[in-house]
Structure formats: C-alpha cells, structure tokens
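Peer 1:
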Amino acid sequence: MQVLNVGFFHFGSTSNANKVDFDENNPKEQEEIRELSILLAKFKPTIICLEYLPEIDAEINKVYQEFLKNPSELNTQYGELSMVGFDVAEMSGLNKVYDIDNHMGYNYSVGDFIENSPELTNTIDPATYLEITNNPLKAYPEIEKRNNNFDNLSLLERLALINEPIMLDYSLNANTDKLFYVGIDDNFIGADQAALFYHRNIKIYSKLNRIKMNKNDRVLILMGSAHMAMLREFIMRSPKFEMVNSLDYLK
C-alpha cells in the first residue's frame, strides 16, 4: 500500500524550540493552506494519520464532524492538524482521521546545557556536536541559502524545503543524532536522550501498523518533520509499504 509521508512545521503555538513565523488566521496564508490541501488530496488518501495522542481522538473526530458541516471555513483549533488534515480528509470523503502520536519525555537540549555550563565538560566529541549545531548545512550552500530565507518563502516553498532529503537528514541531526557526540566522563547521557526520541518514533510506527488496512489503501501521514524523517526510514525498508515522494505533491 502506498504511503505519502509529509513533514510539517507546526502552525500556531508549539513547545518546539524553533517557532516558525506563520499566522494561521491570516487570509492569505489560509488561501495557501487551501491550495496545499488540494495538492495533497490528489493523492486520494483513504486513511489520514495526524500527530495527536489517542487520549484526544474522540475529541478530534468530534470537531472534524463539526467541520464537515461547514468545510468552507478552515478550523484553526489544532493548527496544521485541523487546517490541513481536516481539509484533505473532507476533500477525500473520509469520515474520520487517525491518531498516530506517542509521547515520551526527553531532553534534546542536554548538549547545549553542557556547553553552557562551565563546570561541565563534554568528553565525547564536542567539536562535532558544535559543528552540527552551528554549521549544519555548510556542505549544501543552495539548501542553506533557502533555509536562511525560510520566513520569506510561501507555504508550499517552506514545506518543499523541509521535505528535501538533505533537510530531513538535518532534522534528525538537529533533534537527536548530534546527541551521539555528547557525554560526561564515561556516561552516555546524550545517547540515552536520543534513544528516547528513537523509541518514541518506533512506537509511532507501531501505531501505524495497528491501523487495519488493505493493499488498496492509500495512507497520508502529516507530522512534524523530525518524526517524518524517522518514519521514512522505517517505511522505506518495510515489505508492507510503498513510499511516495512527498515533493511530487508539494508543487
């Protein structure tokens, strides 16, 4: 079965360290969202998975049913989940959406904390950690130029950028893999925190596999780009799924 896995930045409020300048209530940006939804609906998904926890599945789907009564007005309550997820689901004739998230606490800033604490020393490889932190895209000047201009790009241009393979690798490096170079004395404090993020995404992938589907189903997944980057690794190796190039639906 085919899977279209699209990485997003989060609309509205977010606990992420990097907040994107995007006003979900701006009419121009809502128009861009409608254009995006039309493009994603061309995939003709039969199942749509969104980044929210099972505890609010009934709530989310109740709000989705309300949206179906007046789909001309975008629902901003859950950011990209309701603005894009609900919109594409309605265009695709679906009667529900699926939760796929799993929550696990981890500290992806532990390396920064060590670097900013004079009494602590990263004893693994601080040079590589700082290189990834401060110059993550120096080997890709064209991508770096686009990324530096991120806030001036259209919604489609932003999403196309963060779904570039190089940017997905960067997303994994920035969120987890750079912690492989972090430790104090002989401990594995960085690796332990990175493992929690990997564990979370393994559970997310397992949740995907809990959904009853057949070979004719077409699955659309909308998640933060770091989750998407990790899911693509699992999906590409799976004998069950066929990965669809997300960039084909972002232009």
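In terms of my numbering, the sequence shown opens at residue 27 and continues consecutively. The C-beta atom is built at its ideal place from N, Cα and C for all residues, glycine as well.
1. Using the rule of at least 16 other Cβ atoms within 10 Å of the residue's Cβ for burial, across every protein chain shown, is L94 buried or exposed?
2. Can you tell me where the beta strand (DSSP E) with M249 in it begins and where it stops?
3. For A255, collect the residues of the same chain with a Cβ closer than 6 angstroms to its Cβ; drop the 5 residues on either side in sequence, then sort them by chain order.
4. Would you check if the region 55–72 and the region 100–114 touch, i.e. whether three or more CB-CB distances between them fall below 8 angstroms?
5. Starting from M27, follow the beta strand (DSSP E) in both directions and report where the run begins and ends.
6. Check whether the Cβ atoms of I158 and K204 lie closer than 7 angstroms to each other.
7. Determine, using beta carbons only, whether V208 and L30 come nearer to each other than 7 angstroms.
8. Entirely within the region 111–179 and at least 4 residues each: give me those alpha helix (DSSP H) ranges in chain order.
9. Give a yes or no on whether the C-beta atoms belonging to N148 and I140 are separated by under 7 angstroms.
10. If you drop the 5 nearest sequence neighbours on each side, which residues of the same chain put their C-beta closer than 7 angstroms to that of Q219?
Peer 2: Answer, in terms of the structure:
1. Within the sequence shown, numbered from 1, the residue matching residue 94 stands at position 68. Exposed is the call here.
2. Within the sequence shown, the letter at position 223 stands for residue 249. Looking at the DSSP string, the run of the beta strand (DSSP E) that includes M249 is 244–250.
3. In the sequence shown, the residue the question calls residue 255 occupies position 229. Counting only Cβ-Cβ distances below 6 angstroms, and skipping sequence neighbours, we find L194, S197, L198.
4. yes
5. Mapped onto the sequence shown, residue 27 falls at position 1. Counting along the chain, M27 falls outside any beta strand (DSSP E), and DSSP gives it neither H nor E.
6. To locate residue 158, count along the sequence shown from 1; it is residue 132. To locate residue 204, count along the sequence shown from 1; it is residue 178. In this structure, K204 lies closer than 7 angstroms to I158 by Cβ.
7. The count along the sequence shown starts at 1 and reaches residue 208 at position 182. The count along the sequence shown starts at 1 and reaches residue 30 at position 4. No.
8. 113–117, 136–141, 152–160, 167–174
9. Taking the sequence shown and counting its residues from 1, the one referred to as residue 148 is at position 122. Taking the sequence shown and counting its residues from 1, the one referred to as residue 140 is at position 114. Yes. Within cutoff.
10. In the sequence shown, residue 219 corresponds to position 193, counting from 1. So the qualifying residues of the chain are Y132, N133, Y134, V136, L205.
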